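First residue of the sequence shown? That's 3 in our numbering, and the numbers climb one at a time after it. Worksheet: one structure, shown below.
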Amino acid sequence: MNGEIVKYRYYEETSQSLITIPKAIARSLNWNDKDEIHMVIKTIDNKMGVFLFKDLKEEVDI
Numbered sequence: 003m004n005g006e007i008v009k010y011r012y013y014e015e016t017s018q019s020l021i022t023i024p025k026a027i028a029r030s031l032n033w034n035d036k037d038e039i040h041m042v043i044k045t046i047d048n049k050m051g052v053f054l055f056k057d058l059k060e061e062v063d064i
C-alpha cells in the first residue's frame, strides 16, 4: 500500500488538525478506534515526513 493518498485538514475554529488514513491501511496495521499511535518526524532522501506506529508492547499479554 505504499503511495496511498491521505488527507491533512486544519480546523481554524478549534486550532486542531487531523490526518485521515484509509480504513484499509489502518486495518492492515491492526489499528483500532482510539488506539494510541506514536509519531516520529524523519527526513529520508531530503523529504521530511512522519512515521506513525502503534507500540506493539500494548498488545503483548503477559
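Ideal Cβ positions, reconstructed from N, Cα and C, are used throughout, including at glycine. Just so we're clear, the structure is a prediction, and the values are computed from it rather than from any experiment.
Candidates the options: closest to residue i by CA position
i: I23; options: K59, D35 and D47; result: D35
i: S19; options: A28, K9 and I27; result: K9
i: L58; options: A26, I39, K25 and A28; result: I39
C-beta contact flag for residue i and residue j at 9 Å
i: I43; j: F53; result: yes
i: R11; j: I27; result: no
Length of the line joining the Cα atoms of residue i and residue j
i: G5; j: W33; result: 19 Å
i: I7; j: K25; result: 12 Å
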